[in-house]
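Position one of the sequence shown corresponds to residue 1 (UniProt numbering), numbered consecutively onward.
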Amino acid sequence: MRLHVVSGKGGTGKTTVAAALALALATGGRRTLLVEVEGRQGIAQLFDCPHLPYEDRRIAVAPGGGEVYALAIDPEEALLEYLDMFYHLGRAGKGLKKLGAIDFATTIAPGLRDVLLTGKACESARRRVQGAFAYDAVVMDAPPTGRIARFLNVNTEVAGLARFGPIHTQAEAVMGVIRSAQTAVHLVTLLEEMPVQETVDGVAELRASGLPTGGVVINMARPPLQAEDESDTGRRLTPELLEAGLLAGGIKPTRPLVASLLGEADEHASRIELESTGRALVRGLDLPVYELPLLADGMDLGGLYRLAEALREQGMA
């Protein structure tokens, strides 16, 4: 795989997973490029670095001497680059930007915007320097699951803009990369009802569009509270058993304490049951499934390296 597209419902941590995957893929002396297309500067926040410009910038070193570069794709800058490449506008293109024409074009033609964003990512995956690929892999922090199929299927988007000419040619080249065996679209989910359902729907939409699905990453998975954690644990815990356990631990089993603990046990059992159902739905998609733990200390750069190691151990990189 050369192009890894990472999507997921908002709030599932897709940017974090994309960053961890880029680190994992760079392990052992390789070079990866982490691409942002939504203009949120989420990558810069994760790596605690200055805002990313419209150029490749090294942001991290992976275990074994690998390097992670990052790029924030700006639609206006990408269009200027495109105009200069195909129409040799040069300074004239920058004049159009000052007049607001570039912003106007990308606003009234959202299909063009997606062609530019995906096109730059695909160009990065194909770029060569002295005959060798500039990057061993490119990871795209893509739009949410609800938009991912339409975002990647740029041929459909560009049909209303041009049926021939440079724009059409560019869209065809982009789709040649996206639909190839070198590309995989990974979806990130949490073991909660809405993210899991959106993941199931997203996989179905990707398959219907003929887009290459990769794997599903279950993010922020919480460990069980005890060794034998079953969905009915809390419901099997009777007041009598709880009182006996408290007495054995030297704690007086008052009614408020017993009621509170029984409530927590029941809530925990409900969560385990929900997660078990969600995990079964995800595994039923017939795709590779990877799990990343919930980091109790929150997310920082050290946490990203731990998640990257977890992805490597599970064979995603």
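For each residue, glycine too, the CB sits at the ideal point set by N, CA and C. In this text, all values refer to a predicted model and were calculated from it rather than measured experimentally.
Query: Residue(s) in a DSSP beta bridge with residue 16; Result: The partner list for residue 16 (beta bridge, DSSP) is empty, contrary to what the question assumes.
Query: The segment 178-191 in contact with the segment 239-253 per 3-pair CB rule at 8 Å; Result: no
Query: Range covered by the alpha helix (DSSP H) that runs through residue 51; Result: It is not in any alpha helix (DSSP H) - residue 51 carries neither H nor E in the DSSP assignment.
Query: Backbone secondary structure at residue 298 - three-state DSSP; Result: coil
Query: Span of the alpha helix (DSSP H), counted from its first residue to its last, around residue 198; Result: 193-208
Query: Residue 58 (DSSP reduced to helix, strand or coil); Result: strand
Query: 8 Å contact criterion, which residue 295 and residue 19 should meet: CB distance rounded; Result: Contact doesn't hold; Cβ gap of about 13 Å is too wide.
Query: Residue 140 (DSSP reduced to helix, strand or coil); Result: strand
Query: Where the alpha helix (DSSP H) through residue 242 begins and ends; Result: 239-248
Query: Boundaries (first-last residue) of the beta strand (DSSP E) holding residue 287; Result: Unbroken run through residue 287: none, as it is neither H nor E.
Query: Among 70, 204, 310, nearest to residue 285 - alpha-carbon criterion; Result: 204
Query: Where residue 180 sits in the DSSP three-state scheme; Result: coil
Query: Residue from 298, 251, 195 with nearest C-alpha to residue 282; Result: 195
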